[in-house]
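Peer 1: Below: one structure in structure tokens.
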Amino acid sequence: VQLQASGGGLVQPGGSLRLSCAASGSGFSIAHMGWYRQTPGNRRELVARITSGGTINYADSVRGRFAISRNSSNKNTIYLRMDTLKPEDTAVYYCKALIIGSSVYEQWGPGTLVTVSS
61 VQLQASGGGL VQPGGSLRLS CAASGSGFSI AHMGWYRQTP GNRRELVARI TSGGTINYAD
121 SVRGRFAISR NSSNKNTIYL RMDTLKPEDT AVYYCKALII GSSVYEQWGP GTLVTVSS
């Protein structure tokens, strides 16, 4: 299973971006998918996660500004809508999925850089 993320870039404070992450492969299901972010010298932290049943969790720092969703026709694709972006949201964002196939494992996608700056 591979994860492909897209949508990062440079945006001014107060602006918006949407990230996408698609899982591809065969013979698997996904228990949950989510977005994490990391800044230099810091640990990777959870931003938002959605389970196969639709349960959603957000980090306190993004709740009310970010929204995670899943493609209704392709449940292996998720999005992260980021509004009212702040400079402190600047980070490399990673998509992660808990894959259930012949084994159960975490799959990370490549990071996508989000820079919030004027």
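Its first residue numbered 61, the sequence shown is counted upward by one per residue in the numbering used here.
Ideal Cβ positions, reconstructed from N, Cα and C, are used throughout, including at glycine.
Please read these numbers as outputs of a predicted model, since none were measured by experiment.
Within its chain, find whatever has a CB closer than 6 Å to the CB of S66; leave out the 5 residues flanking it on each side and keep chain order.
Peer 2: S80
Peer 1: Determine the extent of the beta strand (DSSP E) in which K156 is found, giving its start and end residues.
Peer 2: A151 to I160
Peer 1: Roughly how many angstroms lie between the CA atoms of R141 and R123, to the nearest whole one?
Peer 2: 11 Å
Peer 1: Thinking C-beta only, is Q98 closer than 8 Å to A151?
Peer 2: Cβ distance < 8 Å, so A151 and Q98 count as in contact.
Peer 1: Starting from G68, trace the beta strand (DSSP E) in both directions and tell me its first and last residue.
Peer 2: Unbroken run through G68: none, as it is neither H nor E.
Peer 1: Does the count of Cβ pairs from the region 114-131 and the region 164-178 closer than 8 Å reach three?
Peer 2: Too few Cβ pairs lie closer than 8 Å, so no.
Peer 1: Tell me where the beta strand (DSSP E) around E105 begins and ends.
Peer 2: Here the beta strand (DSSP E) through E105 covers E105 to T111.
Peer 1: Which residues does DSSP pair with S126 in a beta bridge?
Peer 2: According to the sequence displayed, residue 126 carries Phe and not Ser. DSSP output for F126 lists R123 and M142 as bridge partner(s).
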